[in-house]
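Participant:
Numbering (the numbering used here), first residue to last: 2 to 288.
1) Please state if the CB of residue 51 and the CB of residue 28 are separated by a distance shorter than 9 Å.
2) Kindly indicate which residue of 119, 192, 168 has the alpha-carbon position closest to the one of residue 159.
3) Check the C-beta distance from residue 156 over to residue 48 and give it rounded, since I have them as a contact under 8 Å.
4) Per DSSP, which residues does residue 32 bridge with? Please list them.
5) Per DSSP, what kind of secondary structure is residue 39 in: helix, strand or coil?
6) Under a three-way DSSP split, which group does residue 27 fall into?
7) Check whether the stretch 199-216 touches the stretch 167-176, counting contact only when three or more Cβ pairs, one atom from each stretch, lie closer than 8 Å.
8) Using a Cβ-based criterion (distance less than 8 Å to any ligand heavy atom), does residue 171 qualify as near the ligand ZN?
9) Measuring CB atoms only, is the stretch 24-41 touching the stretch 234-248, in the sense that at least three cross pairs come out at less than 8 Å?
10) Tell me whether the beta-carbon of residue 45 lies closer than 9 Å to the beta-carbon of residue 64.
11) Which residue from 132, 109, 127, 242 puts its Cα closest to that of residue 172?
12) Near residue 230, which residues of its chain fall below 6 Å by C-beta distance, leaving aside the five closest residues on each side in sequence?
13) What separation, rounded to the nearest whole angstrom, lies between the Cα atoms of residue 215 and residue 139?
14) By Cβ distance below 7 Å, which residues in the same chain neighbour residue 161 in space, the five residues on each side in sequence not counted?
15) Could you pull out every residue in the same chain whose Cβ sits closer than 7 Å to the Cβ of residue 275, ignoring the five residues on either side in sequence?
16) Hey, how far is the Cα of residue 283 from the Cα of residue 248?
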């Protein structure tokens, strides 16, 4: 992607944008979050598309809640692709509600299309290619790069044209009713409360092969990893991977040096959790 990236709206630009959106029959919407980089996920960027224009709102710098009446008004159609995540996240973080939605992924599913991803649909339906290399960027870090901004804008740039084509095909094939029912369900989805399952270690593929002492140690690591992830505001998998946890449990290190020798164990992990892991309390009943 080349050319100047779209700029981020400040408070005055957002106010002007809200006025423009009030007269728009359709608005393309997308969001970027930081779930791959933080324990507590949040919306880090909101992308808004109108025909021929894209606007980016940084909710870490500007309160996006002036958008609330625009999104709640069924006078206009809100266009998403795979909007389940976006609707849940925007409702969770800002209390938004959604008046009328059209989701291009749902439309493609109802039509039985072989391509469901946005990049694939744009390529096959419109002959447009977009890059997806920034999907797992750290959207919570500032400043955002020009590449990130271009990537984010591309996700809403062609959504209106894609939606128009899919909507016409739904009508031609008599599938509008089925799609409308699913769109209505999308309007009401809510974020799932994040809950930690202390017994989730049992679902690891290698867990059934562990002996009682090894299983007890794996459970302690599982719980300790969650506590450290919360304290560091990192996803648990970035504290230590599950395969490494199982390997620690199998080796049952006797001291910090034993723990350090296990591939994949970081110095931070040893420093923060080593003492709890190498200690050998009485066997836990995990049967």
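Positions of the beta carbon are idealized from the N, C-alpha and C atoms, including for glycine.
Facilitator: Let me spell this out:
1) In contact: residue 28 and residue 51 (Cβ atoms closer than 9 Å).
2) The option with the nearest alpha carbon to residue 159 is 119.
3) That belief holds up - the Cβ atoms of residue 156 and residue 48 are roughly 6 Å apart, short of 8 Å.
4) Per DSSP, the beta bridge partners of residue 32 are 47.
5) In the structure shown, residue 39 falls within a coil segment according to DSSP collapsed to helix, strand and coil.
6) In this structure, residue 27 counts as strand in the three-state DSSP scheme.
7) In short, these stretches do not touch, since the Cβ pair count stays below three.
8) Judged by which ligands are present, the structure shown has none, so any question about the ligand ZN falls away.
9) The stretch 24-41, when compared against the stretch 234-248, does touch it at the 8 Å Cβ threshold.
10) No.
11) Closest option to residue 172, Cα to Cα, is 109.
12) Result list for residue 230: 40, 237, 240, in chain order.
13) Those two C-alpha atoms are separated by around 35 Å.
14) If we look at residue 161 and ignore the five residues flanking it on each side, its Cβ neighbours are 27, 29, 50, 52, 80.
15) Its chain contains 257, 260 as the residues whose beta carbon lies nearer than 7 Å to that of residue 275, once the 5 sequence neighbours on both sides are disregarded; these appear in chain order.
16) Because residue 283 carries a pLDDT of 48, less than 50, the predicted location of this residue cannot be relied on, and the following value inherits that uncertainty. One C-alpha to the other measures close to 20 Å.
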